[in-house]
Amino acid sequence: MTMYKGFATKAIHVAQEPESVTGSVTTPIFQTSTYAQEEIGKHKGFEYARTQNPTRFAWEKNVASLEGARWGYAFGSGMAAIDTVMRLLSSGAHVVCSEDMYGGTFRLFDKVLSRYGYLFSAVDMSDIEAVKAAIRPETAMIYTETPTNPMMRITDIAAMAAIAKESKALLVVDNTFATPYLQKPLSLGADIVLHSATKYLGGHSDLVSGVVITDREDIAQQIGFLQNAVGAVPGPFEPWLLLRSVKTLALRMEKHQQNAQAIAQLCEQHPKVHRVWYPGLASHPHHDLAAKQMSGFGGMISIEVGSYQQAQTFARAIKVFTLAESLGGVESLLCHPVSMTHGSIPKEKRDRLGITDGLLRLSCGIEDSEDLIADINQALSLL
Ligand code: P1T
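Under our numbering, the first residue of the sequence shown is numbered 8, with each subsequent residue one higher.
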């Protein structure tokens, strides 16, 4: 274990020792619901597959190591991971969260958890003073994405950690867009990191999964308890696919961000693009902060093309990109947040955040840069 220092080495080797019975180099898929016990009260540490599964355990240890932590917990989706983290709190708890975030997370907070007595204050997390002003005596959690989905705002994780510590609140960071390859929130003071593993961790648009990671033993115990008690676990196949996927995460992220940087620069200079949000551009309002807390700027870009009609023309014209929800796969995807991922956010709030009818979100894949650039250029030429 101690020999595994670099990110890619960890991704390939942590909890990936050859299997003990046959020497199988890859972790087997333990497709079982239960385990034989030798006699009453005597077993091998595996009783029931909601509670323990060796394939899932290997993935959980592996992904925890990538975030620089000791404990990871896998879930059936990113939403299941978020829901379980929120169950650390009780009725009456107050949460300060980003006003810009994935529409499904907003929906969970606004339409589900608020019915159970949770109170939410949505603020611009890039405004440290606004976060401080939103803190109340009963604030139990600060919850943020960074970069945010879809406006690519950057939260100062270390500043949030200081506020959280002072107010005795937990800091939770959704690290889906950046991945641990580019950003390690726990090292900046976050208490919990979570992911929609459906995205870059899975990386091939072929699974839905989620993960929660922490290096705090008290939190790990509670999340482990909730994972079993609530039961939103994945079967063994997704963890197996994820183990296979993260082996190439470092390579994939390099290409994702190389393509994104090139496309962002193209869009910034193009007369038909009104605005571009990519943290790797010097024009991005939080570029310096992103450069400080991330080791790269990732593969996600949002662009404003002016109207629903222009967005529709672009979406109809694009050929190498696929019009689809989700992100983080090897294939480039185009998303129209208003009609796809952020429809659950009220229109006046969307307008204020910049999630307009003319906003398009690009998940830049790992195809050849020239093909992606040619595709964007030909689609923009029709606007
Ligand atoms: O889809 P699921 O695996 O349940 O993950 C939810 C989720 C959580 N956090 C972030 C930042 C996300 O982007 C998502 C899912 N997002 C999309 C499906 C999307 O296209 O934005």
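The beta-carbon is built from N, C-alpha and C at its ideal position, and this holds for glycine as well. Fair warning: this is a prediction, and the values are worked out from it, not measured in the lab.
- Burial check for I89: the Cβ neighbour count within 10 Å reaches 16 or more, so the residue is buried.
- No heavy atom of the ligand P1T is found nearer than 6 angstroms to the CB of E224.
- Under DSSP, A81 shares a beta bridge with V218.
- At a cut-off of 6 angstroms, the beta-carbon of V237 does not count as near the ligand P1T: no heavy atom of the ligand is closer than that.
- Taking 7 angstroms as the cut-off, the beta carbon of P157 is found closer than this to the beta carbon of P344.
- When distances are taken from the beta-carbon of M86 to the heavy atoms of the ligand P1T, the shortest one is below 6 angstroms.
- Going by DSSP, R251 is part of the alpha helix (DSSP H) stretching over 244 to 253.
- With at least 16 other beta carbons inside 10 angstroms of its own, A185 counts as buried.
- By the Cβ test, the stretch 253 to 265 is in contact with the stretch 296 to 316, since at least three Cβ pairs between them sit closer than 8 angstroms.
- Looking from the CA of G83, the closest CA among P192, G313, Q234, Y55 belongs to Q234.
- Excluding its 5 nearest sequence neighbours in each direction, T153 has C-beta neighbours in its own chain below 6 angstroms: I161, T162, listed in chain order.
- Rounded to the nearest whole angstrom, the C-alpha separation of K172 and T34 is 39 angstroms.
- With contacts defined as CB atoms closer than 7 angstroms, T151 and M132 qualify as a contacting pair.
- By the neighbour-count definition (other C-beta atoms within 10 Å, threshold 16), L367 is a buried residue.
- Collapsing the DSSP output to three states places A18 in a helix.
- Rounded to whole angstroms, G335 and G210 show a C-alpha spacing of 6 angstroms.
- The Cβ-Cβ distance between L379 and S339 falls below 7 angstroms.
- Closest by C-alpha distance to M93, out of Q316, L208, L126, is L126.
- Residue environment for M260: buried (at least 16 other C-beta atoms within 10 angstroms of its C-beta).
- When DSSP assignments are scanned along the stretch 95 to 152, the uninterrupted stretches of alpha helix (DSSP H) that are 4 or more residues long and fall wholly within it turn out to be 110 to 114, 135 to 141.
- Secondary structure note for E67: its alpha helix (DSSP H) is the uninterrupted segment 61 to 73.
- Of all alpha-carbon atoms in P144, S27, S97, V337, the one lying nearest the alpha-carbon of G124 is that of S97.
- Distance from the CA of L189 to the CA of T155, rounded to the nearest whole angstrom, comes to 15 angstroms.
- Contact between R63 and P246 is confirmed by a C-beta separation of about 5 angstroms, below the 8 angstroms threshold.
- When DSSP states are grouped into helix, strand and coil, C274 belongs to the helix group.
- When DSSP reads this structure, V179 sits in a beta bridge with Y150, I199.
- Shortest gap from the CB of T41 to any heavy atom of the ligand P1T: 6 angstroms or more.
- By a beta-carbon distance limit of 8 angstroms, H202 contacts G85. Their separation comes to about 7 angstroms.
- Relative to the ligand P1T, the beta carbon of T205 is positioned inside 6 angstroms of a heavy atom.
- The continuous beta strand (DSSP E) containing E311 extends over residues 307 to 311.
- Counting only runs of 4+ residues, the alpha helix (DSSP H) found wholly inside the stretch 309 to 380 occupies 315 to 324, 354 to 360, in chain order.
- Taking C-alpha positions only, D225 is separated from D213 by approximately 34 angstroms.
- Taken from the Cβ of D378, every heavy atom of the ligand P1T lies 6 angstroms or farther away.
- Proximity to K175 across T183, D198, I164 peaks at D198, based on C-alpha coordinates.
- Taking the CA atoms as reference points, N182 sits about 31 angstroms from R323.
- Straight-line measurement puts the Cα of T320 at about 7 angstroms from the Cα of L390.
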